[in-house]
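Participant: In the numbering used here, the protein residues as written are 1 to 405. Beta carbons are placed, not taken as given, at the ideal position from N, Cα and C, and that holds for glycine. Treat the numbers as computed from the prediction; the structure is a model and nothing was measured.
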Ligand SMILES: [Zn+2]
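1. Could you work out which residue in 200, 232, 247, 279 is closest to residue 326 when comparing CA atoms only?
2. Cβ-heavy atom distance between residue 241 and ligand 1 below 8 Å?
3. Ignore the nearest five residues each way along the sequence and tell me which others in residue 98's own chain have a CB closer than 6 Å to its CB.
4. Beta-carbon of residue 216 versus every beta-carbon of chain B: anything under 9 Å?
5. Mind checking whether residue 16 and residue 215 have CB atoms under 9 Å apart?
6. Please name the residue in 346, 229, 228 whose C-alpha comes closest to that of residue 375.
7. Helix, strand or coil: how does DSSP classify residue 181 here?
8. For residue 111, collect the residues of the same chain with a Cβ closer than 7 Å to its Cβ; drop the 5 residues on either side in sequence, then sort them by chain order.
9. According to DSSP, residue 295 sits in a beta bridge with which residue or residues?
10. Given residue 101, which residues of its chain have a CB within under 7 Å of its CB, disregarding the five upstream and five downstream residues?
11. Label residue 281 either buried or exposed according to how many other C-beta atoms from any shown protein chain fall within 10 Å of its C-beta, with 16 as the threshold for buried.
12. Could you give the distance in angstroms between the alpha-carbon of residue 414 and the alpha-carbon of residue 178?
13. Please name the residue in 4, 36, 7 whose C-alpha comes closest to that of residue 259.
14. When a residue counts only if its C-beta is closer than 6 Å to some heavy atom of ligand 1, which residues count, in chain order?
15. Identify whether residue 310 lies in helix, strand or coil by the three-state DSSP scheme.
16. Among all the DSSP beta bridges, which residues are the ones paired with residue 349?
17. Per DSSP, residue 64 forms a beta bridge with which residues?
18. Buried or exposed: residue 160, going by 16 or more other Cβ atoms within 10 Å of its Cβ?
19. With DSSP collapsed to three states, give me the class of residue 17.
20. Report yes or no: do three or more beta-carbon pairs, one from the region 249-257 and one from the region 227-236, lie closer than 8 Å?
21. According to DSSP, is residue 125 helix, strand or coil?
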């Protein structure tokens, strides 16, 4: 479906989109459509519970209710029709095949199977591909590793944080034979697998390829990994892809901006110019593999809502993670942003380090990467909480700033 057809459809039968397009001409240009944030969808759902008004079809046409994780705000319910579910499934099957998963492979799904779309889309994609899904919801890490060993899982899908955790448990509990048949670690849910140091840590530990991919409940599975060049490709035949600055003007080539997507074929819960919150680099280069879809060289480099401004410098927690993984391996860490007595904002990094000398090295790396001094506090191994799913490693204790106005 082309954009004009999508606009015509939602104007006809989707109250939420009709209101957003009000005042625009009969055939608005993409740039005229106001970019959409998750907050707007959440507010609509609050005003019109339980599903809001962003529905193009009668309620009985929807077959699946998903919920976003709520890690960056209140959860949002997203509904899919049977056709939209099939679309997810097909896209996900393609992503998995690019990742190297083949019919007959056994893929361990090391996550909770909650209301998030990711779990179910992974399962559906594996079915379409003819691979075998091995759900490991409701199990502790030891049980997961034992099961993977028993059935000889050939791949595992989880967050990059959890992949490092599994590795740690496998070594601790002498379950590393569970990792031997693993050929791919397919990461999702966090930017980690785009970070070279995190990726190589996972690849070395598992002796397998670490593959990133990307999707959001609100837009769909929009990206797949580039095996040759790293980073991600956007399915730009399925999604209109824009990279925008804070001002919502296009980001110049070579710079980073927010990824804004318009899925063209998902009509049940449509989003036009959806601000994903993912920060990506705008490159006009083709990938070295010559793949047809648009290439995002570094994949997702951070989240707009993760970014913190410390003494005038933009700080992404993912940059700190990259530095930690380069120095300390799979040890846990916690980042605290806080204000000194004098009101100056500072960064504290608590990190499990094996070698005391690493703290100094980490401090140096951080100064180079961030242009800031970071207080590195080494802590004993095992002291920091182990995340099982999406990691929350950032504490913001800064004093609130009151504007003069
Ligand atoms: Zn490529």
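Facilitator: Short version:
1. Indexing the chain shown from 1 puts residue 326 at position 326. When each option's Cα is compared against that of residue 326, the closest is 200.
2. The residue you call residue 241 lines up with position 241 of the chain shown. Result no, Cβ not under 8 Å from ligand 1.
3. If you number the chain shown from 1, residue 98 lands on position 98. For residue 98, where only same-chain residues beyond five positions count, the Cβ hits under 6 Å are 224.
4. The structure shown contains no chain B; it is built from a single protein chain.
5. Here residue 16 refers to the residue found at position 16 when the chain shown is read from its first residue. Here residue 215 refers to the residue found at position 215 when the chain shown is read from its first residue. No, the pair does not count as a contact, with Cβ atoms beyond the cut-off.
6. Counted from its first residue, the chain shown places residue 375 at position 375. Of the candidates 346, 229, 228, the one whose C-alpha sits nearest the C-alpha of residue 375 is 346.
7. Here the question's residue 181 lines up with position 181 in the chain shown. Of the three classes helix, strand and coil, the one that applies to residue 181 here is coil, per DSSP.
8. Taking the chain shown and counting its residues from 1, the one referred to as residue 111 is at position 111. Closer than 7 Å at Cβ, skipping near neighbours: 119, 137, 158, 389.
9. On the chain shown, residue 295 is found 295 positions in, with the first residue counted as 1. For residue 295, which the question treats as bridged, DSSP gives the partners 233.
10. As a working mapping, residue 101 is identified with position 101 in the chain shown. 107, 129, 131, 155, 184.
11. To locate residue 281, count along the chain shown from 1; it is residue 281. The residue is buried, with at least 16 neighbouring Cβ atoms inside 10 Å.
12. Coverage of the chain is limited to positions 1 through 405, which leaves residue 414 absent and any answer about it impossible.
13. To locate residue 259, count along the chain shown from 1; it is residue 259. The shortest C-alpha separation from residue 259 is found at 36.
14. 226, 228, 229, 233, 287, 289, 291, 295
15. Here residue 310 refers to the residue found at position 310 when the chain shown is read from its first residue. Three-state DSSP puts residue 310 in a strand.
16. Taking the first residue of the chain shown as 1, we reach residue 349 at position 349. Looking at the DSSP assignment, residue 349 forms a beta bridge with 335, 376.
17. For the purposes of this step, residue 64 is taken as residue 64 along the chain shown, with counting starting at 1. BP columns for residue 64 point to 80.
18. Working through the chain shown from its first residue, we reach residue 160 at position 160. When all chains shown are included, residue 160 counts as buried.
19. The count along the chain shown starts at 1 and reaches residue 17 at position 17. Residue 17: helix per DSSP, three-state reduction.
20. no
21. As a working mapping, residue 125 is identified with position 125 in the chain shown. Residue state, collapsed to three classes: helix.
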